[in-house]
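Below is one structure, written out as structure tokens; comments come after it.
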Amino acid sequence: MDALLFWILAAVTVASAVLVIGQRNPMRSVLLLIVMFMALAGLYVTLGSPFAAVVQIIIYAGAIMVLFLFVVMLLNVPTEETPIGRQARLLGGVGPRRFGALLSAALALELFWALGRLGAVAMPAGDTPETTVKAIGLRLFRDYAFAFEATSVLILVAMVGAVILARKEPQP
Amino acid sequence: MLPEPTLNSYLMLSAVLFAIGTAGVFLRRNIITILLSVEVMLNAVNLTFIAVDRFRGLVDGQIMVFFVITVAAAEAAVGLAIVIALFRHKETLTPDVFTSLKW
Numbered sequence: 006m007d008a009l010l011f012w013i014l015a016a017v018t019v020a021s022a023v024l025v026i027g028q029r030n031p032m033r034s035v036l037l038l039i040v041m042f043m044a045l046a047g048l049y050v051t052l053g054s055p056f057a058a059v060v061q062i063i064i065y066a067g068a069i070m071v072l073f074l075f076v077v078m079l080l081n082v083p084t085e086e087t088p089i090g091r092q093a094r095l096l097g098g099v100g101p102r103r104f105g106a107l108l109s110a111a112l113a114l115e116l117f118w119a120l121g122r123l124g125a126v127a128m129p130a131g132d133t134p135e136t137t138v139k140a141i142g143l144r145l146f147r148d149y150a151f152a153f154e155a156t157s158v159l160i161l162v163a164m165v166g167a168v169i170l171a172r173k174e175p176q177p
Numbered sequence: 228m229l230p231e232p233t234l235n236s237y238l239m240l241s242a243v244l245f246a247i248g249t250a251g252v253f254l255r256r257n258i259i260t261i262l263l264s265v266e267v268m269l270n271a272v273n274l275t276f277i278a279v280d281r282f283r284g285l286v287d288g289q290i291m292v293f294f295v296i297t298v299a300a301a302e303a304a305v306g307l308a309i310v311i312a313l314f315r316h317k318e319t320l321t322p323d324v325f326t327s328l329k330w
């Protein structure tokens, strides 16, 4: 049962990830990415991390993707533009893109090779123990308290930065 | 019957997702889709954290996932603000057009 669930969710994840980067329309990319997040959240649940799954759905699929949707709708650039002009063709011709695709294929092969050398490592047997929110909270607020507080500063900086960057410059 | 997923299956899945994300960054010519590809890569790393967490029986990986999601939120906010500012100046989202910082 768990094995079947894993393979289904893995297939959905990979398929939607491929479709995300295969779309010309960013709107569809965003919606497919939400499908990928849902499948990943399912994987997290099978791995015994319901907290991470819920955070994934609420924050990632809920908040961050809505931000992306806002911007896509706000800018109203439905499809990817074909390069116009000599300069664009010089920079974004077929050559660099093909090289980039080769690089990512090489990355995938290298990762597979490294993981293949690892040998099969079975997951611990028995039922998946669910980590409780209590355990996570104790660890987070005791051992990772400084990182947690630093994160709040990071969010504040990002908020101020986003407001300043996206602000309309005052007309002189 | 399907084989039982091992730790390697999860790591392989994560590697595939990461490679797809890098391919998206290289191949797409739209800043918003490039940012989405970065999100795919971040999620691949999250999957690794959670799988190793289950393998070792720890909770630290889930805390790292929490931090990664927070940083992704900050990255999305600042990145999209930059996209809006760029679009306001150049009226396009093709990254090849943004060459103001090029010497």
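Respectively, the protein sequence lines represent chains Y and V.
Those letters in the first sequence? Residues 6 to 177, by the numbering used here.
Those letters in the second sequence? Residues 228 to 330, by the numbering used here.
The beta-carbon is built from N, C-alpha and C at its ideal position, and this holds for glycine as well.
From the beta carbon of residue i, is the nearest beta carbon of chain V less than 8 Å away?
{"i": "Y:L74", "result": "no"}
{"i": "Y:M164", "result": "yes"}
{"i": "Y:P31", "result": "yes"}
{"i": "Y:G53", "result": "yes"}
{"i": "Y:L48", "result": "yes"}
{"i": "Y:G105", "result": "yes"}
{"i": "Y:L120", "result": "yes"}
{"i": "Y:V59", "result": "no"}
{"i": "Y:G97", "result": "Its pLDDT being 49, under 50, Y:G97 is placed unreliably in this model, and the value from its coordinates should be taken loosely. Judged by the 8 Å Cβ criterion, Y:G97 is in contact with chain V."}
{"i": "Y:L36", "result": "no"}
{"i": "Y:A20", "result": "no"}
{"i": "Y:F56", "result": "yes"}
{"i": "Y:I39", "result": "no"}
{"i": "Y:F117", "result": "yes"}
{"i": "Y:P175", "result": "no"}
{"i": "Y:M128", "result": "yes"}
I need the DSSP call for residue i, collapsed to helix, strand or coil.
{"i": "Y:A16", "result": "helix"}
{"i": "Y:A127", "result": "coil"}
{"i": "Y:S109", "result": "helix"}
{"i": "V:N273", "result": "helix"}
{"i": "Y:W118", "result": "helix"}
{"i": "Y:D148", "result": "coil"}
{"i": "Y:R172", "result": "coil"}
{"i": "V:T297", "result": "helix"}
{"i": "Y:G142", "result": "helix"}
{"i": "V:R256", "result": "coil"}
{"i": "Y:V60", "result": "helix"}
{"i": "Y:L52", "result": "coil"}
{"i": "V:P230", "result": "coil"}
Assuming residue i contacts residue j under a Cβ cut-off of 8 Å, what Cβ separation, rounded to an integer in Å, is found between them?
{"i": "V:L240", "j": "Y:T18", "result": "7 Å"}
{"i": "Y:V25", "j": "Y:L38", "result": "5 Å"}
{"i": "V:R256", "j": "V:T321", "result": "5 Å"}
{"i": "Y:F56", "j": "Y:V138", "result": "5 Å"}
Shortest alpha-carbon distance to residue i belongs to which of the options?
{"i": "V:M291", "options": "Y:R102, Y:A113, Y:F153, Y:D7", "result": "Y:F153"}
{"i": "Y:L143", "options": "V:V286, V:E231, V:V324", "result": "V:V286"}
{"i": "Y:L52", "options": "Y:P134, Y:P101, Y:A16", "result": "Y:P134"}
{"i": "V:F245", "options": "V:L313, V:V265, V:T260", "result": "V:V265"}
{"i": "V:A278", "options": "Y:V126, Y:M70, Y:L36", "result": "Y:V126"}
{"i": "Y:A46", "options": "Y:M128, Y:Q28, Y:I13, Y:R102", "result": "Y:I13"}
{"i": "V:I247", "options": "Y:K139, Y:A140, Y:A113", "result": "Y:A113"}
{"i": "V:V324", "options": "V:R281, V:V272, V:I258", "result": "V:I258"}
{"i": "V:P230", "options": "Y:M128, Y:G166, Y:A171", "result": "Y:M128"}
{"i": "V:A242", "options": "Y:M78, Y:D7, Y:A111, Y:A44", "result": "Y:A111"}
{"i": "V:N235", "options": "Y:D148, Y:F117, Y:L80, Y:R172", "result": "Y:F117"}
{"i": "V:G288", "options": "Y:A140, Y:G166, Y:V168", "result": "Y:A140"}
Under 8 Å between the Cβ atoms of residue i and residue j?
{"i": "V:A303", "j": "V:L262", "result": "yes"}
{"i": "V:A301", "j": "Y:L107", "result": "no"}
{"i": "Y:A20", "j": "Y:F42", "result": "no"}
{"i": "Y:A163", "j": "V:V305", "result": "yes"}
{"i": "Y:R102", "j": "V:L254", "result": "yes"}
{"i": "V:A271", "j": "Y:I69", "result": "no"}
{"i": "Y:V82", "j": "Y:V35", "result": "no"}
At least one CB of chain Y closer than 8 Å to the CB of residue i: is that the case?
{"i": "V:V265", "result": "no"}
{"i": "V:L307", "result": "yes"}
{"i": "V:V188", "result": "The structure shown does not extend to residue 188 of chain V, since chain V is modelled only from 228 to 330, so the question has no answer here."}
{"i": "V:T249", "result": "yes"}
{"i": "V:V272", "result": "no"}
{"i": "V:F325", "result": "no"}
{"i": "V:T275", "result": "no"}
{"i": "V:L229", "result": "yes"}
For chain C, is any of its Cβ atoms less than 8 Å away from the one on residue i?
{"i": "V:L328", "result": "Structure shown: chain C not included; protein chains present are Y and V."}
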